Each structure stands twice: as C-alpha cells, then as structure tokens.
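One structure is given here, and the rest of the page talks about it.
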Amino acid sequence: MHPAACKSSFIVSVSLITKYSAILEPVANILQMKTLDIVTANEHIQTIVEMLSDHRKNAENVTAEILKEACNIAKPLNVDISVARIDGQQKHRNNLSAENPGDFWKRSLIIPYLDSIIGSLQVRFFTDKSPAFLLTHFHPDNMKHVSLEEWKKSTSSCESIYNLKGIKGKDELWFKMWNKV
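Quick note: to get our numbering, add 8 to the position in the sequence shown (first position is 1).
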C-alpha cells in the first residue's frame with residue numbers, strides 16, 4: 009500500500025477530500041440527529057452549494073490551496089507532486105494537456121470533484137424539494153419550534169402542493185392542541 013499512498017494522484021485526492029469532507033461533516037451530523045430539522049438542514053445545504061459554486065468559479069485559488077496541502081504531505085515522503093504521464097494515445101483515462109501541475113489537477117480532479125458534489129447536493133436537496141420538507145412541520149414535536157404564523161404558511165403551502173382540502177380552519181386548532189402537550 010505504501011507505493012500507492014506515495015503517488016501524486018493519491019496525495020492530491022486525499023487533500024481534496026479532506027478539505028470538502030470537513031465542510032460537509034456538519035450537514036452529515038445534522039441529518040443523523042434524533043431531533044432532525046430537515047428544513048434547517050436544507051437551508052444549510054443551500055449555503056454550502058453556493059460556497060462550492062464559488063470555489064468552482066475560483067478553481068485556481070482552490071487548486072493552489074489543495075496543492076500546497078498536498079506538497080506538505082508529500083515532502084516528508086520524498087514525493088514530488090507531478091502530473092500523470094501524457095501519452096500519444098490514451099484509452100483508459102483522460103489525457104489532459106497542461107502546462108503545470110496546477111492546471112492538470114484543476115482540470116482532471118478538482119473541477120470534476122466539485123461538480124460532482126454540487127450536482128449530488130442539488131439533486132437531493134434542491135429548492136424544488138423544499139415543499140416536501142415542509143411536511144416535517146406536521147410532526148407534533150416540530151410544531152413546538154415554529155410560530156403560528158410559520159405553521160399557517162406551511163399548512164397553506166402543503167394544502168396547495170398536495171391538494172389537501174379542508175386543512176384551513178383546522179390548522180390553528182391542531183397547532184394549539186399540540187403546543188399544550
């Protein structure tokens with residue numbers, strides 16, 4: 009395993025994954041909590057997607073940061089962070105031309121990784137799914153943490169989205185009943 013761990017691709021990948029795992033860890037913890045608030049988690053994820061999109065737009069800065077960290081890891085191992093071998097005809101991986109290691113790693117690893125994370129988060133937590141998350145407000149325990157105004161807004165949205173007839177009028181009674189408990 010030592011030879012594999014001493015390759016540039018492994019070291020740069022570990023540096024990249026370490027950086028973004030630290031950003032995603034709080035969300036993973038929120039989603040595993042007993043008192044899960046999916047609406048708040050969704051808002052947090054939207055903020056992370058915006059931040060990742062900014063990182064994607066400024067990929068040069070992110071690449072420099074990742075390569076600096078990778079070099080710090082590689083130095084004690086006597087490994088130079090270099091580009092993969094460029095071949096005349098490539099069949100099994102991208103054959104990216106790059107003038108320096110930064111351009112190579114940005115094009116081959118960092119931008120695709122950021123695109124993958126952004127895409128995955130948007131598919132699972134995009135604002136189109138927000139109305140479904142409002143259903144969590146119907147849980148009696150969650151009713152205690154929202155105001156009557158927020159509760160009515162949630163029930164109104166759910167009524168229109170899910171075609172629930174007759175929920176208005178009962179929503180305030182339901183809210184007051186569960187807030188007494």
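For every residue, glycine included, the Cβ atom is placed at its ideal position computed from N, Cα and C.
In this text, all values refer to a predicted model and were calculated from it rather than measured experimentally.
Determine, using beta-carbon pairs with one atom in the stretch 25-39 and one in the stretch 56-64, whether at least three such pairs fall under 8 Å. They touch, by the three-pair rule.
Run through DSSP, which three-state label would F134 get? If DSSP states are grouped into helix, strand and coil, F134 belongs with coil.
In chain order, what residues of the same chain lie with their CB nearer than 6 Å to the CB of L129, ignoring the 5 residues before and after it? I53, V57.
Contact between the stretch 64-80 and the stretch 158-176 is defined here as three or more beta-carbon pairs at a separation below 8 Å; is this criterion met? The stretch 64-80 vs the stretch 158-176: no contact.
Just to confirm, are L117 and L181 a CB contact at a threshold of 8 Å? No, they are not a contact pair.
Could you pull the start and end residues of the alpha helix (DSSP H) that I169 belongs to? Segment 156-170, the alpha helix (DSSP H) holding I169.
Hey, would you say L60 sits closer than 8 Å to I126, going by beta carbons? A contact, by the Cβ cut-off of 8 Å.
Report the option in G110, W113, K160, N171 whose CA atom is closest to the CA atom of K178. Shortest Cα-Cα distance from K178 to any of G110, W113, K160, N171 involves K160.
Taking 8 Å as the cut-off, decide whether the C-beta atoms of N50 and F141 are in contact. Taking 8 Å as the Cβ cut-off, N50 and F141 qualify as a contacting pair.
Applying the 10 Å Cβ sphere with the 16-neighbour rule, what's the burial state of T71? Taking every protein chain shown into account, the CB of T71 has 16 or more other CB atoms within 10 angstroms, so this residue is buried.
N- and C-terminal bounds of the alpha helix (DSSP H) containing P18: The amino acid occupying residue 18 in the given sequence is Phe; Pro does not appear at that position. Note, F18: alpha helix (DSSP H), 16-39.
Same chain, Cβ closer than 8 Å to K152, five either side skipped, listed in chain order: Only W186, N187 meet the Cβ criterion.
Near K27, which residues of its chain fall below 7 Å by C-beta distance, leaving aside the five closest residues on each side in sequence? For K27, the CB contacts under 7 Å within the same chain, skipping 5 residues up- and downstream, are I74 in chain order.
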